[in-house]
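**Q**
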Amino acid sequence: MEEGYGQIRVLHVLGGLGVGGAECRIIDLYRNLDRDKIQFDFLVHYSPEKTGKKSPTSDELMAVREPDYFDASVKKLGGRIYCLPRFVGTNLVEYKKAIKQFFKEHPNEWKVVQGHMTSTAAIYLPIAKKAGIPICIAHARSAGVDQGVKGIATRVLRKPLHKEGIADYSFACSKEAGISVFGQEMVDAGSVRIIPNAIDLKRFAYNEQVRKKIRDELNVSNAIVIGHVGSFRYAKNHEFLLEVFAHVCRFLDNDEKNQYSMLHGMRIRLLMLGKGPLMDEMKNKAEKLHIYDRCIFAGNKSNASEYYQAMDYFCFPSRYEGLPGSVIEAQAAGLQCLVSDSVTTEVNVTELVSMMSIKSEPKDWARKILDDLLLRESSQINPLMEEIKLNQTLTAIAGERRESMFESDDMPDFDALDKNTGFEQLNAPSEMKTKRYDVNDYSIGDREKSSEYILSKLRRAGFDVKSQAKMMTYFYERGRF
1 MEEGYGQIRV LHVLGGLGVG GAECRIIDLY RNLDRDKIQF DFLVHYSPEK
51 TGKKSPTSDE LMAVREPDYF DASVKKLGGR IYCLPRFVGT NLVEYKKAIK
101 QFFKEHPNEW KVVQGHMTST AAIYLPIAKK AGIPICIAHA RSAGVDQGVK
151 GIATRVLRKP LHKEGIADYS FACSKEAGIS VFGQEMVDAG SVRIIPNAID
201 LKRFAYNEQV RKKIRDELNV SNAIVIGHVG SFRYAKNHEF LLEVFAHVCR
251 FLDNDEKNQY SMLHGMRIRL LMLGKGPLMD EMKNKAEKLH IYDRCIFAGN
301 KSNASEYYQA MDYFCFPSRY EGLPGSVIEA QAAGLQCLVS DSVTTEVNVT
351 ELVSMMSIKS EPKDWARKIL DDLLLRESSQ INPLMEEIKL NQTLTAIAGE
401 RRESMFESDD MPDFDALDKN TGFEQLNAPS EMKTKRYDVN DYSIGDREKS
451 SEYILSKLRR AGFDVKSQAK MMTYFYERGR F
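Residue numbers (the UniProt record's numbering): 1 to 481.
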């Protein structure tokens, strides 16, 4: 697949187009691509029941499918949306039939099929390949599975991906996600390419004016705001988050020894962005914990980047993740983050991230949050310098793993794509091309001062979507890295 063939269309296979991590990252990439060269289409899944057929066509499913969150964005960007019947385990014959019929009806439309729904990738990718798709990709976006029978089924369905041949390329957002989906041997053999979940760093960079605007809208202008962004699903562990916050509230309300006197007189709020099947259950739990009036269930927000500005701290106790984009977004906004150690350490890019086990007591998490908030309020960072240096060492080790993907012998000359700049600085602001930021530009109590230092670390680690858009354009055009 070489240049000169006109616009290339890529078909992304997903469960839906809701506000999930994978969907957000793909849409971010889509917005930053040169769409005269590359266009995205989407093949999603929907229950066939409303059609009255076991194996309905894409058109029949689209006629009854309810529009999803990103439908309008896709159409505005020039993309098309198609549909398959949702796979439920007992409809394998019908599912295969629908896939075969779909590619038969759309011959030679796509150069690339990129499957982010790895639970059934071993089913639809071979069919796509047989239908004449030149490049088929399996893309791992998560490092875990749901509990119970569903999780067992997912592991069984992913098993064929542990051997080469199902896909032409295997991508993963992190090494941990790669191991979870493709197996240790595939990762060790170098058969899995790690591509970080990149974001639009400039959009998430700290902005004092935006912070004031959102805090006024939420009526939290004089409050400490602990934040979380994620769908209300099992993996995100909202019940633990609420228990942690309940302890934060109790410690502040019953602080007889004045351990947290610097925080006295300030309201405390938990701001949660996202929706999902467990949202009502979590609202009930907040009621039972007597913290509902201190919680803000904000739902999905098209301007989520602005809500990070309103936060003072970010708590993320997930049970499992691939590489959570929300933690990268929180770091870009300059937020201290307390993250479950069930999450890959590859997310620990800056000095802002601390990790704790979800096997620890919620009260221990609460103590850590309050200690960090005290430090932020006092802005006395000198006692932390040794800890910061330790974090830098750990970050450098993780960074070497991430950056190695950009240093292999078979990587293209990205200088040819943007003259006089290296890959890590593609599309970086002009000041970033002339200045290297160091720890002296970082202050744990000053998000505005620290912003460029934090963003520079995230860029160097491969989390800038503008740079990634150039890399993926190169791949989609040539079919190789």
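Virtual Cβ for every residue (Gly too), placed ideally from N, Cα, C. Because the structure is a prediction, the values reported are computed rather than measured.
(1) When you compare only the Cα positions, how much space is there between N300 and L273?
(2) Keeping to the same chain, check which residues put their C-beta closer than 8 angstroms to that of L61; ignore five residues upstream and five downstream.
(3) Spatial neighbours of Q468 within its chain, please: CB distance less than 6 angstroms, with the 5 preceding and 5 following residues excluded, ordered by chain position.
(4) Distance check for V88 and I454, CA to CA, integer angstroms please.
(5) Applying the criterion that 16 or more other CB atoms from any shown protein chain within 10 Å of the CB defines a buried residue, is I369 buried or exposed?
(6) Does V112 come out as helix, strand or coil in the three-state DSSP assignment?
(7) Measure the C-alpha to C-alpha separation of Q259 and P196 and round it to an integer number of angstroms.
(8) Buried or exposed: N219, going by 16 or more other Cβ atoms within 10 Å of its Cβ?
(9) So which of A223, L201, R25 has the shortest CA-CA distance to A461?
(10) Can you give the Cα-Cα distance for V248 and P277, rounded to whole angstroms?
(11) So, do the segment 110-118 and the segment 53-60 have three or more beta carbon pairs nearer to each other than 8 angstroms?
(12) So, with DSSP's three-state summary, where would you put D41?
(13) Using beta-carbon positions only, say whether S191 and S174 come within less than 7 angstroms of one another.
(14) According to DSSP, is F204 helix, strand or coil?
(15) Between which residues of its own chain and T120 is the CB-CB distance below 8 angstroms, once the five residues before and five after are set aside?
(16) Cα-Cα, which of R155, D168, A128, G148 is closest to H139?
(17) Enumerate in chain order the residues of its own chain whose CB-to-CB distance from S451 is below 7 angstroms, with the five nearest sequence positions on each side excluded.
(18) Could you work out which residue in L252, S357, A143, C136 is closest to L338 when comparing CA atoms only?
(19) Nearest-angstrom Cα distance between V149 and R155?
**A** Reading it off the structure:
(1) Sequence index remark: in the sequence shown, residue 300 carries index 300 (1-based). Sequence index remark: in the sequence shown, residue 273 carries index 273 (1-based). Near 6 angstroms, if we compare the C-alpha coordinates of L273 and N300.
(2) Translated into the one-based positions of the sequence shown, residue 61 becomes position 61. The residues are Y46, P48, T51, C83, L84, P85.
(3) Position 468 of the sequence shown, counting from 1, holds the residue named residue 468. Contacts found: A198.
(4) Residue mapping note: residue 454 aligns to position 454 of the sequence shown, counting from 1. Residue mapping note: residue 88 aligns to position 88 of the sequence shown, counting from 1. One Cα belongs to I454, the other to V88, and the distance between them is close to 43 angstroms.
(5) As a first step, residue 369 must be located in the sequence shown, where it is residue number 369. By the neighbour-count rule (16 or more Cβ atoms within 10 Å), I369 is buried.
(6) The sequence position of residue 112 within the sequence shown is 112, counting from 1. Three-state result, V112: strand.
(7) Counted from its first residue, the sequence shown places residue 259 at position 259. Counted from its first residue, the sequence shown places residue 196 at position 196. Distance between the alpha carbons of Q259 and P196: 40 angstroms.
(8) Residue mapping note: residue 219 aligns to position 219 of the sequence shown, counting from 1. Per the 10 Å Cβ criterion, exposed.
(9) For this step, residue 461 is matched to residue 461 along the sequence shown. That would be L201, whose Cα lies nearest to the Cα of A461.
(10) The residue labelled residue 248 in the question sits at position 248 within the sequence shown. The residue labelled residue 277 in the question sits at position 277 within the sequence shown. Each residue's Cα considered, the two are about 26 angstroms apart.
(11) no
(12) Residue numbering aside, residue 41 sits at position 41 when the sequence shown is read from its first letter. DSSP places D41 in strand when its eight states are reduced to three.
(13) In the sequence shown, residue 191 corresponds to position 191, counting from 1. In the sequence shown, residue 174 corresponds to position 174, counting from 1. Not a contact, by the Cβ cut-off of 7 angstroms.
(14) As a first step, residue 204 must be located in the sequence shown, where it is residue number 204. Three-state result, F204: helix.
(15) Position 120 of the sequence shown, counted from the first residue, corresponds to residue 120. Closer than 8 angstroms at the Cβ level, and outside the excluded window around T120, lie F87, Y95, L157.
(16) Residue 139 sits at position 139 when you count from the first residue of the sequence shown. Ranking the options by Cα distance to H139, first place goes to D168.
(17) Position 451 of the sequence shown, counted from the start, is the residue given in the question as residue 451. In the same chain as S451, and ignoring 5 residues on each side of it, the C-beta atoms closer than 7 angstroms to its own belong to A205, Y206, G334, in chain order.
(18) Here residue 338 refers to the residue found at position 338 of the sequence shown. When each option's Cα is compared against that of L338, the closest is S357.
(19) Taking the first residue of the sequence shown as 1, we reach residue 149 at position 149. Taking the first residue of the sequence shown as 1, we reach residue 155 at position 155. The straight-line gap from Cα to Cα measures roughly 10 angstroms.
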